[in-house]
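To start, the structure under review is shown below, and the notes come after it.
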Amino acid sequence: MSTSRAGTPAQPSDLVDIAHLVTLYYTGVPDADSPEWVDQQVAFGTSGHRGTSLKTSFNEAHIEA
Numbered sequence: 853m854s855t856s857r858a859g860t861p862a863q864p865s866d867l868v869d870i871a872h873l874v875t876l877y878y879t880g881v882p883d884a885d886s887p888e889w890v891d892q893q894v895a896f897g898t899s900g901h902r903g904t905s906l907k908t909s910f911n912e913a914h915i916e917a
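Using the working numbering, the first residue of the sequence shown is number 853, and each one after it goes up by one.
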C-alpha cells in the first residue's frame, strides 16, 4: 500500500519535535483521576509495550514500574 507522497521528502507537518517528546518522557506522569486515564495506560502487543509520551502512555514512570 503506497501513497502519492511515497518517495518524496517529509513535510514539516510529518515531523516530530524530538526535544518536546523527550521532555514529555521525563516529565509526564499518568493521572488515574483523569478522564484520559485509559489512553495513558501502556498497551502490550507482540512486539512489546506500545505507547507515546505525547499521550503520557510511554514515559519514565511506566519503565520504572
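Think of the CB as a built atom: it goes at the ideal place given N, C-alpha and C, for glycine as much as any other residue.
Would residue i be called buried (16 or more neighbouring beta carbons within 10 Å of its own) or exposed?
{"i": "G880", "result": "buried"}
{"i": "S886", "result": "exposed"}
{"i": "S905", "result": "buried"}
Would DSSP call residue i helix, strand or coil?
{"i": "P864", "result": "helix"}
{"i": "V874", "result": "helix"}
{"i": "T879", "result": "helix"}
{"i": "A913", "result": "helix"}
Can you find the residues in the same chain that come closer than 6 Å, C-beta to C-beta, to residue i, ignoring five residues on each side of it along the sequence?
{"i": "N911", "result": "Y877, G880, S905"}
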